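The structure under discussion appears below in the form of structure tokens.
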Amino acid sequence: MKSSLRNYLPFLLVSTFIFIAFYYLYDYAVNSPYKINPNVAKKMIQNKEFDLILDVRTDLELQTLGYYPGSVHIQSADLKNQMHRKFPNKNINILAYCNSGQRARKATEILHELGYKNALYIATPYTTIM
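Below, the structure written as structure tokens:
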């Protein structure tokens with residue numbers, strides 16, 4: 001009995017670690033004061049409440065998966081360099097999206113650090129707001 005438990009112990013430890021890591025990533029993406037429900041975002045878009053819909057995915061994702069019509073593509077890694085130049089008005093209302101919400105959350109946090117205090121994100125793909 002002890003030897004069979006020893007055989008499974010590394011598997012159990014690795015599985016537990018992986019589960020905790022994925023839970024943390026999921027929790028990080030979906031629990032934020034800047035996250036907005038996609039249905040609410042969709043209504044806000046219809047009411048023209050966003051000045052900018054920001055696609056923070058990679059170029060490859062944009063090319064292969066498409067994009068929200070009228071959105072502006074700035075990869076999350078380029079936000080600090082490009083936002084001030086392209087959008088000097090920091091009072092604009094921004095909705096950021098990616099594919100899962102992780103990069104959109106990080107991008108929204110960066111936007112807030114840069115002074116864009118009206119930035120929100122969705123933790124779902126852009127197709128949920130169409």
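Residue numbers (full-length UniProt numbering): 1 to 130.
Cβ coordinates follow ideal geometry from the N, Cα and C atoms, glycine included.
From a predicted model like this one, the values you see are computed outputs, not experimental measurements.
Item, Value
"Is V56 helix, strand or coil when you go by DSSP?", "coil"
"Measuring straight from C-alpha to C-alpha, what distance separates L60 and H73?", "12 Å"
"Spell out a yes or no on whether the segment 21-28 and the segment 38-48 are touching, meaning 3 or more CB-CB pairs, one atom from each, closer than 8 Å.", "no"
"Are the beta-carbon atoms of F121 and D55 separated by less than 8 Å?", "For the sequence presented, residue 121 should be read as Tyr rather than Phe. Contact flag unset, no."
"Do the segment 77-93 and the segment 30-43 touch if we need at least three Cβ pairs shorter than 8 Å?", "no"
"Check for me: the alpha helix (DSSP H) holding I36 runs from which residue to which?", "It is not in any alpha helix (DSSP H) - I36 carries neither H nor E in the DSSP assignment."
"By DSSP, does Y126 sit in helix, in strand, or in coil?", "helix"
"Suppose the cutoff is 7 Å on Cβ atoms and the five residues either side in sequence are ignored; what does the same chain contact list for residue 136 look like?", "Residue 136 lies beyond the stretch modelled for the chain, which goes from 1 to 130, so this question has no answer here."
"Taking buried to mean at least 16 other C-beta atoms within 10 Å of its own C-beta, is S15 buried or exposed?", "exposed"
"Do you know offhand how far residue 131's Cα is from Q63's?", "Residue numbering for the chain in the displayed model covers 1 to 130; residue 131 lies beyond these limits and cannot be assessed."
"Within 10 angstroms of the Cβ of R6, are there 16 or more other Cβ atoms? Answer buried if so, exposed if not.", "exposed"
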